[in-house]
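Sequential numbering of the sequence shown, starting at 21, is according to my numbering.
Scroll down for the structure; my scribbles are underneath it.
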Amino acid sequence: MSVDPRNPEPGYLDFWRERHVCTLTTPRPDGTPHVVPVGVTYDPEAGLARVIANRHSRKVAHVRAAGEGGARVAVCQMAGRRWATLEGLAVVREEPELIAEAVRRYAERYERTPRPNPDRVLIEITLTRAMGKG
21 MSVDPRNPEP
31 GYLDFWRERH
41 VCTLTTPRPD
51 GTPHVVPVGV
61 TYDPEAGLAR
71 VIANRHSRKV
81 AHVRAAGEGG
91 ARVAVCQMAG
101 RRWATLEGLA
111 VVREEPELIA
121 EAVRRYAERY
131 ERTPRPNPDR
141 VLIEITLTRA
151 MGKG
């Protein structure tokens with residue numbers, strides 16, 4: 021089911037506000053998918069999904085390897101028969117204020133503040149597509 025990522029139905033958005041472990045799929049240099057569990061926040065007003073990560077992680081390396089244009093990625097979550105996927109172009113952001121905002125949103129959704137990490141970066145996904153059954 022196709023969803024407008026900037027104007028989702030209330031049930032879809034509510035599902036993204038619930039606490040769920042998600043997956044992030046990034047392309048490896050050989051084109052194969054790399055799928056890992058992550059926490060994701062969804063901001064339809066800005067058309068963004070955000071994932072905080074360690075700068076030395078493989079997911080960050082995969083996004084950086086795609087170059088300035090960004091990497092085509094997907095984040096997904098599921099619970100029973102409900103599921104939701106957000107797709108878009110990801111870039112790695114290192115600006116402290118953007119990372120702080122991503123941490124704030126993460127703490128709000130997951131009801132815990134991540135421990136301090138001087139190597140934290142933000143994978144910022146500009147959304148191009150959404151689908152699901154929330």
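From the three backbone atoms N, C-alpha and C, an ideal C-beta is built for every residue, glycine too.
Excluding five sequence neighbours on each side, which residues of the same chain lie with their C-beta closer than 6 Å to the C-beta of A127?
As a first step, residue 127 must be located in the sequence shown, where it is residue number 107. If we look at A127 and ignore the five residues flanking it on each side, its Cβ neighbours are T133.
Among L147, E29 and C96, which has the Cα closest to the Cα of T45?
The residue given as residue 45 occupies position 25 in the sequence shown. The residue from L147, E29 and C96 with its alpha-carbon nearest to that of T45 is C96.
Who are the Cβ neighbours of R113 in its own chain at under 6 Å, not counting the five residues just before and after it?
Reading the sequence shown from its first residue, position 93 is the one you call residue 113. Cβ within range, chain order: L142 and E144.
Here's the rule I'm using: 16 or more other beta-carbon atoms within 10 Å means buried, otherwise exposed. How should A85 be labelled?
Stepping through the sequence shown from its first residue, residue 85 is reached at position 65. By the 10 Å Cβ count, A85 comes out exposed.
For M98, which beta-bridge partners are listed by DSSP?
Along the sequence shown, one-based indexing puts residue 98 at 78. Within the DSSP secondary-structure output, M98 pairs in a beta bridge with W103.
If you draw a straight line from the alpha carbon of H40 to that of T61, how long is it in whole angstroms?
Working through the sequence shown from its first residue, we reach residue 40 at position 20. Working through the sequence shown from its first residue, we reach residue 61 at position 41. So the two alpha carbons sit approximately 10 Å from each other.
I need the straight-line Cα distance from Y32 to R75, nearest angstrom please.
Locating residue 32 in the sequence shown gives position 12, where the first residue counts as 1. Locating residue 75 in the sequence shown gives position 55, where the first residue counts as 1. Their backbone Cα atoms lie some 30 Å apart in a straight line.
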